[in-house]
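Worksheet: one structure, shown below.
Residue numbers (mature numbering (1 follows the signal peptide of the UniProt record, and there is no 0)): -23 to -1, 1 to 237.
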């Protein structure tokens, strides 16, 4: 723990030193219709998709294994809005200790994904090597770099990984980042998401249900799955910080609702 905390301090200092005013041009969102929002849930309610959402051993998670509710965050390490949402999610993990937070990388299809892919592959290594604690330290440090520099570079990622002591084969992961689509991104596309920073809140008990059980309880199950889209916040004219706060409030509202 002391090693990780010391590393976080070092990485945070690095982010401050490298701070600049450079920023990437904003990526215009595509609005989801209500029909699409309902369609997400229709797609989710299958054993294959549910199992991939909730039980993928390589996907970083934070929170109790026996949690009744899961908050599934689709994110992009290269995304400024995701960086702000990450701050909100870090607070929510403390405010809702009984929920399980699951982190699915979905690099935006509207920008070069090689560096975010690379950062995401190392995030999985961090989780496998050091569990939730190391992943959360890595996640914070990477997004701190993204906020400080206005973009994320390969050297930023390498610097964070080195500071935190994450072991990985750089040549292998760089090649995968350039040539392979992340499985978690494929999952997001299967659900119907057009990019990152969409969130699913759902009961973890669904992972143990067969298709017959899902079909039998379809109406009630669909009412228990919630999709929170930043595009709803965009319609309110909010900036990245405002979107992040709005999504945080919606997550809290939903968790409080299902917890009653």
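Don't be surprised by glycine CBs; every beta carbon is placed ideally from N, CA and C.
Residue j beta carbon less than 8 Å from that of residue i
i: residue 65; j: residue 225; result: yes
i: residue 78; j: residue 40; result: yes
i: residue 134; j: residue 119; result: yes
i: residue 61; j: residue 221; result: yes
i: residue 29; j: residue 92; result: no
i: residue 150; j: residue 95; result: yes
i: residue 82; j: residue 97; result: yes
i: residue 18; j: residue 166; result: no
i: residue 76; j: residue 183; result: no
i: residue 100; j: residue 37; result: yes
i: residue 144; j: residue 106; result: yes
i: residue 141; j: residue 111; result: yes
i: residue 31; j: residue 181; result: yes
i: residue 58; j: residue 217; result: yes
i: residue 109; j: residue 173; result: no
Given residue i as reference, the closest of the options once Cα atoms are compared
i: residue 168; options: 126, 114 and 202; result: 202
i: residue 228; options: 50, 94, 156 and 160; result: 50
i: residue 128; options: 200, 54 and 144; result: 54
i: residue 171; options: 113, 207 and 110; result: 207
i: residue 68; options: 117, 156 and 147; result: 117
i: residue 22; options: 213, 205, 215 and 192; result: 192
i: residue 70; options: 59, 113 and 84; result: 113
i: residue 25; options: 156, 213, 187 and 154; result: 187
i: residue 156; options: 236, 223, 197 and 90; result: 90
i: residue 74; options: 56, 87 and 43; result: 43
Residues bridged to residue i (per DSSP)
i: residue 206; result: 175
i: residue 46; result: 180
i: residue 20; result: Per DSSP, none; premise fails for residue 20.
i: residue 145; result: Bridge partners of residue 145: none, in fact.
i: residue 112; result: DSSP lists no partner for residue 112.
i: residue 39; result: 78
i: residue 51; result: 81
Query raised in the report: Which full runs of the alpha helix (DSSP H) of 4+ residues lie inside the stretch 58 to 87, going along the chain?
Result: none
Query raised in the report: Would the stretch 169 to 186 and the stretch 33 to 48 be scored as touching if the rule is three or more Cβ pairs under 8 Å?
Result: yes
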